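**Student:** Numbering (the numbering used here), first residue to last: 33 to 496.
Ideal placement from N, C-alpha and C gives every residue a C-beta, glycine not left out.
For clarity, every value in this text was computed on a predicted model and none was experimentally measured.
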C-alpha cells in the first residue's frame, strides 16, 4: 500500500481508538486515580438509597443546599432535590438565562437484585429462609451459591425507620441461595436455561439453629426473629412495611494482571452515575445551568414516583423556569441531555450477538449510542443527526476518548434506557455511557479508561 493511501485512509476512515495505546501515561494515571474513588463509592453504595445518601452528603460538602421552589437563585448557586431518598437532582445555576435551556446528565442508581417479598420469612425442614422476588433482568442461575448481603430499611408502626446493612463489614454474617449438587442435578439440568433456577427457588438461607425452650413448631424461624427483635426491635409484621434487598457481598476489585479493569456489582448504572455526579460537583460556574439527575427504577421500566416515567423531573424544571417567569416547556424545548447509561462491551467469547462494526469495545472510551430499543428500534429514543453533530463536536473539541455502538445485532435482543422518557419532554437526548462485560450479572466488568472517559464526557457537556 502506498504512503498516500495510508494517509488518505487515516483522514477518511472511521476507526475507534484503543485508549491504552493512544493516551499519554500521565492521563492513564489520572484515569486510575479517578477510578480509585469510583471503586470506593461502589463498595459503599449497593442500593439506590445508599447512593442518594452518599451524593447528598458530597453535595452538602460542596456547598449545595436543598432546593426551595419559589426562591430566586443567582448564577453560581448550587442546589439539590432529594426525591424520597431514592433519587436526587444536583443543579448549578448558569450565567445564561434559562430561556436558552439547561444541560441534563441523567443516570440511574438502581441495579438488578433480589428483593424480599412482603411476608418473606419461613421455616422448612429445620432451616429458616427468606422468599424473594427478583428485581430487573437477571439470569437467575447466576445468583445461586454466592455470598449475599442484606440492605434496606424497615419502617415500624409509628414511623420509626431502621436502617439495615448486614454482610459488608468484616465479621458480618452473609446469606446465600443454595443450589443442587451436580451428582443429583440430572433433572434440573434438563430444564431450559431460564428455568435452571426458577423465580420461586431463589430462596435465601438465613439460619438453622432452633430456639431452645419447648415443643413449639417453627423454632428456627422463632430463633431468627428473636435475634432480629433483640438487634432491631422488630417483629415479623414489620417486614410488611420494609424495603429489603439482597445484593452480592463481593468487594469491588481490580481485574487483570495489568489492573486495567474493575470487577464488581452495580456497574449498571452506577458506573455512569458516579462520573456524572463528580462532574456536577466540580461545575462551579457553568455558562448554562447544569442539571444532574440520578434516578431510580430504570431496571423495571422507570415506573413509580422515583422513576423517570413520573413527572418529578418535569415539575422540577417548571419550578426552575418560574424563577424567570418562564414556562417549563419552553426551557425543556431548548434543553439537551446525555442519558448516561451503559452499553454492552464486545465479548470475544460470545461474538455472534454483535455486529462488529457497530459494537462497543473495552478501552475505546465512552460509548455514544444513537438509539437502543430492539428489533426495528422499538422502545427507544433515536437522537437526531443535528444533536449527534453537536455531541461529536464537544467530545472531539475536548479530546474525549469516545466510540459508538449498538446494543447487539438488529434481531438479537436489545434494551432500553431513560432516554425516551426525557425525550418525551421535548429535550434533545442521546445515550452516552460505559461499555460493560457481563452486564446484569452479580459481578460485572468495566475498563478504567472508559470510566474516566465518561467523566470527561459529562464534564465537557457541562462546559461546552
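Quick check on residue 424: buried or exposed, where buried means 16 or more other Cβ atoms within 10 Å of its Cβ?
**Tutor:** Exposed.
**Student:** Spatial neighbours of residue 475 within its chain, please: C-beta separation below 7 Å, excluding the five flanking residues on both sides.
**Tutor:** Cβ within range, chain order: 280, 282, 295, 296 and 297.
**Student:** Buried or exposed for residue 63, please, with buried defined as at least 16 other CB atoms from any protein chain shown within 10 angstroms of its CB.
**Tutor:** Result: buried.
**Student:** Expressed to the nearest angstrom, what Euclidean distance is found between the alpha-carbon atoms of residue 516 and residue 155?
**Tutor:** The shown model of the chain, from 33 to 496, leaves out residue 516, and the question about it has no answer.
**Student:** Where residue 495 and residue 135 are concerned, what is the direct C-alpha to C-alpha distance, given to the nearest angstrom?
**Tutor:** Cα to Cα, the separation comes out at about 9 Å.
**Student:** Using DSSP bridges, identify the partner residues of residue 392.
**Tutor:** Its beta-bridge partners are 377.
**Student:** Alpha carbon to alpha carbon, how far is residue 162 from residue 418? Give it in angstroms, no decimals.
**Tutor:** Distance between the alpha carbons of residue 418 and residue 162 is about 52 Å.
**Student:** So, helix, strand or coil for residue 491, using DSSP?
**Tutor:** Three-state DSSP puts residue 491 in a helix.
**Student:** For the segment 36-56 and the segment 247-261, state whether three or more C-beta atom pairs, one from each stretch, are separated by less than 8 Å.
**Tutor:** No, the segment 36-56 is not in contact with the segment 247-261.
**Student:** I'd like the list of long-range same chain contacts for residue 33, defined as Cβ closer than 6 Å, with 5 residues on each side in sequence excluded.
**Tutor:** Below a pLDDT of 50, predicted positions are generally treated as unreliable, and residue 33, at 48, falls in that range; the measurement from the model is reported next regardless. There are no such residues.
**Student:** What do you get for residue 579, buried or exposed, if any count of 16 or more other CB atoms within 10 angstroms of its CB means buried?
**Tutor:** The first residue shown for the chain is 33 and the last is 496, placing residue 579 beyond what the model contains.
**Student:** Nearest CA to the CA of residue 370: which residue from 452, 339, 331 and 356?
**Tutor:** When each option's Cα is compared against that of residue 370, the closest is 452.
**Student:** Grab the span of the alpha helix (DSSP H) containing residue 62 for me, first residue to last.
**Tutor:** Counting along the chain, the alpha helix (DSSP H) containing residue 62 begins and ends at 57-76.
**Student:** Closest by CA to residue 505, which one among 477, 230 and 469?
**Tutor:** Lying outside 33 to 496, the shown extent of the chain, residue 505 is not represented and no answer is given.
**Student:** Where does the unbroken beta strand (DSSP E) through residue 299 begin, and where does it stop?
**Tutor:** Here residue 299 belongs to no beta strand (DSSP E); instead the alpha helix (DSSP H) covers 299-314.
**Student:** Below 6 Å CB to CB, which residues in the same chain sit around residue 430 once its five sequence neighbours on both sides are set aside?
**Tutor:** Taken in chain order, the residues that qualify are 492.
**Student:** Classify residue 33 as helix, strand or coil using the three-state DSSP reduction.
**Tutor:** The predicted position of residue 33 is uncertain, since its pLDDT is 48 and thus under 50; no value can be drawn from it.
**Student:** Quick check on DSSP: helix, strand or coil for residue 281?
**Tutor:** Of the three classes helix, strand and coil, the one that applies to residue 281 here is coil, per DSSP.
**Student:** How would you label residue 36, buried or exposed, when you count the other beta carbons within 10 angstroms and need 16 or more for buried?
**Tutor:** It counts as exposed.
**Student:** Does the Cβ-Cβ distance between residue 482 and residue 466 come in under 8 Å?
**Tutor:** Going by C-beta atoms, residue 482 is nearer than 8 Å to residue 466.
**Student:** Within this structure, are the beta carbons of residue 205 and residue 195 separated by less than 8 Å?
**Tutor:** No, Cβ-Cβ distance for residue 205 and residue 195 is not below 8 Å.
**Student:** Among 211, 169, 344 and 191, which one has its Cα closest to the Cα of residue 179?
**Tutor:** The candidate whose alpha carbon is nearest that of residue 179 is 211.
**Student:** In the DSSP assignment, find the unbroken alpha helix (DSSP H) run with residue 341 in it and report its ends.
**Tutor:** Per DSSP, residue 341 belongs to no alpha helix (DSSP H) and is neither H nor E.
**Student:** Here's the rule I'm using: 16 or more other beta-carbon atoms within 10 Å means buried, otherwise exposed. How should residue 157 be labelled?
**Tutor:** Exposed, because fewer than 16 other Cβ atoms sit within 10 Å of the Cβ of residue 157.
**Student:** Fully enclosed by the segment 221-279, which beta strand (DSSP E) runs are 3 residues long or longer?
**Tutor:** Runs of the beta strand (DSSP E) inside the segment 221-279: 236-239.
**Student:** Under 8 Å, do residue 169 and residue 79 count as touching if we go by C-beta distance?
**Tutor:** Against a cut-off of 8 Å, the Cβ pair of residue 79 and residue 169 comes out as no contact.
**Student:** Closer than 7 Å to a non-hydrogen atom of the ligand MN - does that hold for the CB of residue 84?
**Tutor:** This structure lacks the ligand MN; in fact it carries no ligand of any kind.
**Student:** Return the residue from the list 225, 276, 153 and 315 that minimises the CA-CA distance to residue 111.
**Tutor:** Closest by alpha carbon: 315.
**Student:** As an exercise, report each continuous beta strand (DSSP E) stretch of at least 3 residues that is fully enclosed by the segment 176-214, in chain order.
**Tutor:** Within the segment 176-214, the complete beta strand (DSSP E) runs of at least 3 residues are 180-187 and 193-198.
**Student:** Is the CB-CB distance between residue 398 and residue 489 below 8 Å?
**Tutor:** Contact flag set, yes.
**Student:** Could you compute how far the alpha carbon of residue 372 sits from the alpha carbon of residue 244?
**Tutor:** The alpha-carbon atoms of residue 372 and residue 244 are separated by roughly 54 Å.
**Student:** Verify whether the separation of the beta carbon atoms of residue 310 and residue 123 is less than 8 Å.
**Tutor:** Not closer than 8 Å, so no.
**Student:** With H, G and I counted as helix, E and B as strand and the rest as coil, what does DSSP make of residue 96?
**Tutor:** It is coil, neither helix nor strand.
**Student:** If we ignore side chains and look at the alpha-carbon of each, how far apart do residue 440 and residue 335 end up?
**Tutor:** Those two C-alpha atoms are separated by around 25 Å.
**Student:** Can you check which of these residues, 379, 228 and 208, is closest to residue 217 by C-alpha distance?
**Tutor:** The shortest Cα separation from residue 217 among 379, 228 and 208 belongs to 228.
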